[in-house]
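Have a look at the structure below before the remarks.
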Amino acid sequence: MDPLKLESMTPTLPLDIMNDPQVLPSLPRKPLWHDDPDIPYILSTHLIDAAPFRTCPEVAFLDQAMRAHAQMQAPGLEKKERQRIAKESSELMMEWRGKVLHSRDAAGKPEVYARSLWICMNRYVRKDVERTPRKRKGLTLFLAHAIGNNKETWEPFIRSLLKSRSGRDIEEVWAWDAVDNGDSALLNAGKLNFPSDWYDVARDLTHFLLHYIPPKVTSEELPVCLPRVSTAELQTRLHQGYTDRQVIVVGHSYAGNVCARACYTYPQLFAALVLIDPGILAKDEQNDKQLGLTIGQAAFARRDGWNSKEEALSSFRKSPFFVSWHPDALQLLIDHGLYSSPNQKPQTPDSEGVDTTWHLKMHPVYEALANVNAGGLTSDMYDKVPELSGRVYIKWVMPDVKNGGGMAGPKRSAILVNRRPGYTSHVNIPDTSHMIPLQKPEEVGELNHFFSPIPLFQ
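Heads up: the sequence shown begins at 754 in the working numbering, then just goes up one per residue.
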């Protein structure tokens, strides 16, 4: 059996956890463009269950890692001591990941652990979609964020996309929070001790595309908890894809790997695949380990706790990592990527006498684990890129060459974007580094960068 194939989650499903419905963790809101009459798309938020099992065992040292991170937050702690704690904690995570991979290799397949988790996602749909003439199947976009981001940070990019003339061909856009990010992380609090590796996130994506995305696009209101499609509809999707949609899947960073992994198994669900500096790298064990440690340590070392969102925004603006972000994307990260202390619900206004410390929805310990869980999964997808279906158009969106040209550097990235020959193209966005859609959302959303020459828009 090909270990990259994801079919094992398809045939049978447990009882729908929607029988125990949840409320949305954040209040309904209007999209960034709500006062722009030229973008007639409305926003709603929905829940689905994640794929019904995970492939990583429980992190036995999770409490230890949480205590270590809390220790790092102590005022007055020397920088060297913070670095030591982050380094040792990341090394412990890397050791754990190595054992997971060793066990997986010995068994010839991943182990499975039953977990019931939630996924929260935003839906943007054209108001008059039923009255808009069609020449072919309607276009649907699915957007998957980088680790540590939230679904709302896509909105500056979506705004640019939908304002373009060809962008009006898009009938519907879906953007999710992966199980340990954003609002999904709030819903899954207390259940993330069995972390998700990138294999699991790919299964979550195919779970949505197979079982939940509605058969037809409609501007009518959908239930908060999306219903599963019928067995007949599922079988149609498994054999021939969608009858009334063309789905373009966009993945940034680790999600580029995730989306390519899903496309490798179910190409019939994909009309096009847009990979934004994806976490797909040629195998280099020494560099892989060092990269995992470096990124894991940086994530673990993140601050978590501000007295107000204004303080958080001021802090983020001083960070070299965030200084290049588009102001709207950064504001959306602050507005929707933070939550207030557990003794006060996130949507409750501040009140006197209540602790209103604001925290990251994705705790830095989980962010570090998500990065460490790249181990073994960046290079196996690299090996499979030439085997991605030739009927799926692939668009590679990469950083400025002068800023590295991609996660693997300019030479290796230039090789990567040509590994699946034929029905493909690539572009380097000027003045960007890895966080392309958050740094230059307007430029990425422009016709000549994002659409051209995707045949669906011609």
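Glycine residues also receive a C-beta, built at the ideal position from the N, C-alpha and C atoms.
Every value quoted in this text rests on a predicted model; they were computed, and no experiment measured them.
Cβ-based burial, Pro1117 [other Cβ within 10 Å; buried from 16]: As a first step, residue 1117 is located in the sequence shown; it is residue number 364 there, counting from the start. The residue in question, Pro1117, is buried, as its Cβ has 16 or more Cβ neighbours within 10 Å.
Beta bridge counterpart(s) of Phe806 as assigned by DSSP: Within the sequence shown, numbered from 1, the residue matching residue 806 stands at position 53. DSSP, once it has assigned bridges, lists Ala867 as partnering Phe806.
CA-to-CA distance, Pro1190 to His704, given in whole angstroms: Nothing can be reported for residue 704, as the shown portion of the chain is limited to 754 through 1211.
Best match in Gly901, His799, Pro1194 and Leu987 for proximity to Ser1077 [C-alpha to C-alpha]: Stepping through the sequence shown from its first residue, residue 1077 is reached at position 324. Selected option, being the one with the closest Cα: Pro1194.
Residues near Gln824 in its chain [Cβ-Cβ closer than 8 Å; skip 5 each side]: Reading the sequence shown from its first residue, position 71 is the one you call residue 824. The answer, listed in chain order, is Leu830 and Ile838.
Beta carbon of Ala897 nearer than 8 Å to that of Trp871: The residue you call residue 897 lines up with position 144 of the sequence shown. The residue you call residue 871 lines up with position 118 of the sequence shown. No, they are not a contact pair.
For Phe895, the three-state DSSP class (helix, strand or coil): Your numbering for residue 895 matches position 142 in the sequence shown. Three-state result, Phe895: strand.
For Ile795, three-class secondary structure by DSSP: Along the sequence shown, one-based indexing puts residue 795 at 42. Here Ile795 sits in strand by DSSP.
Beta-bridge partners of Val1125, as assigned by DSSP: Translated into positions along the sequence shown, residue 1125 becomes position 372. None, per the DSSP bridge assignment.
Distance CB(Phe1069)-CB(Leu1083) smaller than 8 Å: Counted from its first residue, the sequence shown places residue 1069 at position 316. Counted from its first residue, the sequence shown places residue 1083 at position 330. In contact: Phe1069 and Leu1083 (Cβ atoms closer than 8 Å).
Cβ neighbours of Val1027 in the same chain (closer than 6 Å, five flanking residues each side left out): Here residue 1027 corresponds to residue number 274 of the sequence shown, with the count starting at 1. Val1003 and Lys1148.
Whole-angstrom distance between Gln1021 and Pro764, CA atom to CA atom: The residue labelled residue 764 in the question sits at position 11 within the sequence shown. The residue labelled residue 1021 in the question sits at position 268 within the sequence shown. Because Pro764 sits at a pLDDT of 39, beneath the cut-off of 50, its placement in the model cannot be relied upon, and the point is left open.
Contacting residues, own chain, Cβ-Cβ under 6 Å from Pro909 (five flanking each side not counted): Within the sequence shown, numbered from 1, the residue matching residue 909 stands at position 156. Contacts found: His1079, Asp1081, Ala1082 and Pro1194.
Minimum C-alpha distance to Tyr866 - residue among Ala803, His855, Ile911 and Lys832: Within the sequence shown, residue 866 is the residue found at index 113, counting from 1. Comparing Cα-Cα distances from Tyr866 to each of Ala803, His855, Ile911 and Lys832, the minimum goes to Ala803.
Alpha-carbon to alpha-carbon, Gly1049 and Gly1198: Mapped onto the sequence shown, residue 1198 falls at position 445. Mapped onto the sequence shown, residue 1049 falls at position 296. Going from the Cα of Gly1198 to the Cα of Gly1049 covers about 30 Å.
Local conformation of Lys916 per DSSP, three classes: Locating residue 916 in the sequence shown gives position 163, counting from the first residue. It is helical.
Reduced DSSP category for Pro975 - H, G, I as helix; E, B as strand; rest coil: Working through the sequence shown from its first residue, we reach residue 975 at position 222. In the sequence on display, residue 975 carries Leu and not Pro. Reduced to three states, the DSSP call for Leu975 is coil.
Candidates Asn1124, Asn1126, Leu1091 and Leu1122: closest to Trp1111 by CA position: On the sequence shown, residue 1111 is found 358 positions in, with the first residue counted as 1. The option with the nearest alpha carbon to Trp1111 is Leu1091.
Sub-8 Å separation of Met874 and His964 beta-carbons: Locating residue 874 in the sequence shown gives position 121, counting from the first residue. Locating residue 964 in the sequence shown gives position 211, counting from the first residue. Contact: no.
Same chain, Cβ closer than 6 Å to Lys1042, neighbours up to 5 away in sequence not counted: Translated into the one-based positions of the sequence shown, residue 1042 becomes position 289. The answer is none, since no qualifying residue turns up.
Proximity below 8 Å, CB of Trp854 to CB of Gly1129: To locate residue 854, count along the sequence shown from 1; it is residue 101. To locate residue 1129, count along the sequence shown from 1; it is residue 376. Here residue 854 is Leu; the residue named in the question, Trp, does not match the sequence. The answer is yes: Cβ separation under 8 Å.
Contact under 8 Å by Cβ, Leu939 with Val1011: Mapped onto the sequence shown, residue 939 falls at position 186. Mapped onto the sequence shown, residue 1011 falls at position 258. No, the pair does not count as a contact, with Cβ atoms beyond the cut-off.
Neighbour-count burial assignment, Arg850, 16 or more Cβ in a 10 Å radius: To locate residue 850, count along the sequence shown from 1; it is residue 97. By the 10 Å Cβ count, Arg850 comes out buried.
Nearest-angstrom Cβ-Cβ length linking Trp951 and Ala1127, presumed shorter than 8 Å: Counting from one through the sequence shown, the residue named residue 951 turns up at place 198. Counting from one through the sequence shown, the residue named residue 1127 turns up at place 374. About 6 Å separates the two Cβ atoms, so the contact holds.
Distance CB(Val1138)-CB(Arg1173) smaller than 8 Å: Mapped onto the sequence shown, residue 1138 falls at position 385. Mapped onto the sequence shown, residue 1173 falls at position 420. Yes, Cβ-Cβ distance for Val1138 and Arg1173 is below 8 Å.
Local conformation of Leu945 per DSSP, three classes: On the sequence shown, residue 945 is found 192 positions in, with the first residue counted as 1. Leu945 falls in the coil class under three-state DSSP.
Met1188: first and last residue of the uninterrupted alpha helix (DSSP H) it sits in: Here residue 1188 corresponds to residue number 435 of the sequence shown, with the count starting at 1. Element bounds for Met1188: n/a, residue is neither H nor E.
Residue closest to Gly716, alpha-carbon to alpha-carbon, out of Leu1141, Asn1181 and Arg1144: Because the chain here runs from 754 to 1211, residue 716 falls outside it and cannot be looked at.
Residue burial classification, Ile1168 (beta-carbon count within 10 angstroms, cutoff 16): Here residue 1168 corresponds to residue number 415 of the sequence shown, with the count starting at 1. Exposed.
Spatial distance of Lys1098 from Leu945 (CA atoms): Position 345 of the sequence shown, counted from the first residue, corresponds to residue 1098. Position 192 of the sequence shown, counted from the first residue, corresponds to residue 945. Caution applies to Lys1098, whose pLDDT of 44 falls short of 50 and renders its modelled position unreliable; the model cannot decide the point.
Cβ-based burial, Thr984 [other Cβ within 10 Å; buried from 16]: By 1-based counting over the sequence shown, the position of residue 984 is 231. With fewer than 16 Cβ atoms within 10 Å of its Cβ, Thr984 is classed as exposed.
Local Cβ density within 10 Å of Phe1074, reported as buried at 16 or more and exposed below that: Here residue 1074 is taken as the residue at index 321 of the sequence shown, counted from 1. Label assigned to Phe1074: exposed.
Arg879 vs Pro793 beta-carbon contact at 8 Å: For the purposes of this step, residue 879 is identified with residue 126 of the sequence shown, where counting begins at 1. For the purposes of this step, residue 793 is identified with residue 40 of the sequence shown, where counting begins at 1. Cβ distance < 8 Å, so Arg879 and Pro793 count as in contact.
Beta bridge counterpart(s) of Tyr1146 as assigned by DSSP: Translated into positions along the sequence shown, residue 1146 becomes position 393. Answer by DSSP bridge pairing, in chain order: Ala1025.
Where Gly1058 sits in the DSSP three-state scheme: Counted from its first residue, the sequence shown places residue 1058 at position 305. The answer is coil: DSSP assigns Gly1058 none of H, G, I, E or B.
Check whether Leu894 and Ile795 have beta carbons under 8 Å apart: Residue mapping note: residue 894 aligns to position 141 of the sequence shown, counting from 1. Residue mapping note: residue 795 aligns to position 42 of the sequence shown, counting from 1. Cβ atoms of Leu894 and Ile795: not closer than 8 Å.
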